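Only one structure is covered here, and it is reproduced in the block below.
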Amino acid sequence: MYRSRLGTNLSDVTLDYVSSIDDDSQIVFYDILGSQAHTLMLFQNNIITKNDAKKILRSLEELKDEKFDTSLGAEDIHELIEGMVIKKAGMASGGKMHTARSRNDQVALDIRMKIRDDIIITCNCLLDTIESLVSVAKNHQKTIMPLYTHLQQAQAGLFSHYLLAHADALTRDFERLSDTFVRINQSPLGAGPVGGTSIPIDRHSTAEMLGFDGLVENSVDATSTRDFVAEYIAMLSIMMTNLSKISEDFVIWSTSEFSFIELSDEFTSPSSVMPQKKNPDILELTRGKTAEIIGDLTAVLATIKGLATGYGRDLQQTKSSIWSASKTSISALIILRSILLTLKVNEKQMRKTTESSNLIALDIAEKLVMRGIPFRVTHKISGILVGLAHSSKKPISKLGPSEVKRSVAGTKVNPAVVSEIISDTTVASSLRDRISFGSSGYSEQKRMISDRTQKINQYRANVSKRENKITSSIDTMMQQVNEIIGKA
Ligand code: ARG
Numbered sequence: 002m003y004r005s006r007l008g009t010n011l012s013d014v015t016l017d018y019v020s021s022i023d024d025d026s027q028i029v030f031y032d033i034l035g036s037q038a039h040t041l042m043l044f045q046n047n048i049i050t051k052n053d054a055k056k057i058l059r060s061l062e063e064l065k066d067e068k069f070d071t072s073l074g075a076e077d078i079h080e081l082i083e084g085m086v087i088k089k090a091g092m093a094s095g096g097k098m099h100t101a102r103s104r105n106d107q108v109a110l111d112i113r114m115k116i117r118d119d120i121i122i123t124c125n126c127l128l129d130t131i132e133s134l135v136s137v138a139k140n141h142q143k144t145i146m147p148l149y150t151h152l153q154q155a156q157a158g159l160f161s162h163y164l165l166a167h168a169d170a171l172t173r174d175f176e177r178l179s180d181t182f183v184r185i186n187q188s189p190l191g192a193g194p195v196g197g198t199s200i201p202i203d204r205h206s207t208a209e210m211l212g213f214d215g216l217v218e219n220s221v222d223a224t225s226t227r228d229f230v231a232e233y234i235a236m237l238s239i240m241m242t243n244l245s246k247i248s249e250d251f252v253i254w255s256t257s258e259f260s261f262i263e264l265s266d267e268f269t270s271p272s273s274v275m276p277q278k279k280n281p282d283i284l285e286l287t288r289g290k291t292a293e294i295i296g297d298l299t300a301v302l303a304t305i306k307g308l309a310t311g312y313g314r315d316l317q318q319t320k321s322s323i324w325s326a327s328k329t330s331i332s333a334l335i336i337l338r339s340i341l342l343t344l345k346v347n348e349k350q351m352r353k354t355t356e357s358s359n360l361i362a363l364d365i366a367e368k369l370v371m372r373g374i375p376f377r378v379t380h381k382i383s384g385i386l387v388g389l390a391h392s393s394k395k396p397i398s399k400l401g402p403s404e405v406k407r408s409v410a411g412t413k414v415n416p417a418v419v420s421e422i423i424s425d426t427t428v429a430s431s432l433r434d435r436i437s438f439g440s441s442g443y444s445e446q447k448r449m450i451s452d453r454t455q456k457i458n459q460y461r462a463n464v465s466k467r468e469n470k471i472t473s474s475i476d477t478m479m480q481q482v483n484e485i486i487g488k489a
């Protein structure tokens, strides 16, 4: 449709190479809505007549219910839709739809509309997953487990505390995506190919009709930039690394060596040869797909880093990265939520593992500190106790007076005090005494759970507010469209 200056048509291979029509299936609806807003604005500013607007708007409305024939040789959805509008409305009216805009502002608009919807969906899924972490945590405030550093047992902890840690990480992902939304929800429409237009359009009114919070003001910036795409996929990549980390923990914990958890059958796969196998494939795929999304981010950054200012067709390639990153992230969240809600937790095994290691070593050292002994000295005493326990193959609590005496050799510490502390210290007492803010202590779990529950509710309200603003703006625009086309 656009090739009047050019002598020949594209060959089939070249057309297929150039065309974004397959990727564009994701933005058809946004493209139509954007065109409706643009057409209304052209009419309201006396750039086209009511009759022209009526014909164009009616054609666009019809297209919402039609299946598109993508084999007509259009380079993209913008060309295809415009061609179909001209066919329906006639050149005299339909030929006016593309007044004062370009595919460059149009595609930037469509992508922004798609991403803002994806952010809303992702944010809702994030809140669902966070909520499931908190609800499982509620049931496991007394479930003792070892906490790890370097994948070596470090301190006694609680499963609820572990889950809340991930709830907090996903909450940061939610907050990051919410911030990104602010920069995404700005309208580029009316920026034209790059430098604006001499036709007296009103960019503010189209932005309002489509539920944007503002404009990407500078027309060069509005059409050239995809920094918002990189930002969005970066946020998803970070989120996926958090999901991947949980997945990795669960893969390890569901081994027969750990046996801390058992995944529900629906989230595992059998082996083609070994009948006993119950493989955690779904979680492994979250790890694998995280790599793919990081790849999407890399593809976008590599595309934009060397691109001269102004639209370049390279940008077309960023769309498939967006769609796939969005889809995978949303699925990963939905799946993790179900995995959490169907998880079997082997509390006995977690506790046994915690108690069979000398995880109370730090607690003993801290209790000695409370008797006025420098931590560096108490750390040494406790370290010697652990060493003796290890070499004699018994827990610290079973060490005899002579061993305790050896642990305080060279210090002024009374061994009777050490013995008393040892007999008073258990994993459970350790968790009762752990009172620092945000710690694994029993008392902190309750506080954190109620705090997070409140936060989730508040965040849900914020997302609905955003969602409603977009929906009601578009509803208002559609009322105007329907008035013009005479649809009740
Ligand atoms: N199909 C293009 C894309 O997806 C639309 C913009 C084309 N603009 C142009 N001047 N060639 O990015």
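Going by our numbering, the sequence shown opens with residue 2, and the numbers climb by one from there. By construction, the Cβ of each residue, glycine as well, lies at the ideal position given by its N, Cα and C atoms. For clarity, every value in this text was computed on a predicted model and none was experimentally measured.
Near ligand 2: residue 115 beta-carbon under 7 Å from a heavy atom: Ligand 2 is not part of the structure shown, which contains ligand 1 as its ligands.
Complete runs of the alpha helix (DSSP H) confined to the stretch 332–357 [at least 4 residues]: Residue ranges of uninterrupted alpha helix (DSSP H) with 4 or more members, entirely inside the stretch 332–357 and ordered along the chain, are 348–356.
Neighbourhood of residue 248 by C-beta, 6 Å cutoff - its chain only, sequence neighbours within 5 removed: The answer, listed in chain order, is 284, 287 and 288.
Straight-line Cα distance separating residue 207 from residue 59: In this structure, the alpha-carbon of residue 59 lies about 18 Å from that of residue 207.
Exposure label - residue 377; buried when at least 16 CB within 10 Å: exposed
Boundaries (first-last residue) of the alpha helix (DSSP H) holding residue 37: 29–45
Distance CB(residue 464)-CB(residue 121) smaller than 8 Å: yes
Unbroken beta strand (DSSP E) run spanning residue 146, endpoints: 145–150
Counted within 10 angstroms of its Cβ, other Cβ atoms place residue 341 as buried (16 or more) or exposed: buried
Candidates 111, 91, 37 and 96, of which the one nearest residue 26 by Cα: 111
Closer than 7 Å: residue 225 CB and nearest ligand 1 heavy atom: Because no heavy atom of ligand 1 lies under 7 Å away, the Cβ of residue 225 does not count as near it: no.
Through-space distance from residue 102 to residue 1, alpha-carbon basis: Here the chain comprises residues numbered 2 to 489, so residue 1 is not present and cannot be evaluated.
Three or more C-beta pairs below 8 Å linking the stretch 464–482 and the stretch 198–215: yes
contact_flag[the stretch 264–273, the stretch 153–164] where n(CB pairs < 8 Å) is 3 or more: no
Burial state of residue 153 (16 or more Cβ within 10 Å): exposed
Ligand 1 heavy atom lying under 7 Å from the CB of residue 21: For ligand 1, at least one heavy atom lies less than 7 Å from the Cβ of residue 21.
Other residues of its chain near residue 193: CB distance less than 8 Å, five sequence neighbours each side excluded: These residues qualify, in order along the chain: 101, 102, 103, 105, 106, 220 and 224.
Reference residue 290, options 325, 401, 317 and 405, closest by Cα: If we check each option's Cα against that of residue 290, 325 comes out closest.
Where residue 415 falls, given that 16 or more other Cβ within 10 Å makes a residue buried: Classification of residue 415: exposed, given that the 10 Å Cβ count is below 16.
Beta carbon of residue 95 nearer than 8 Å to that of residue 87: When the beta-carbon positions are compared, residue 95 and residue 87 come within less than 8 Å of each other.
C-beta contact flag for residue 77 and residue 21 at 8 Å: yes
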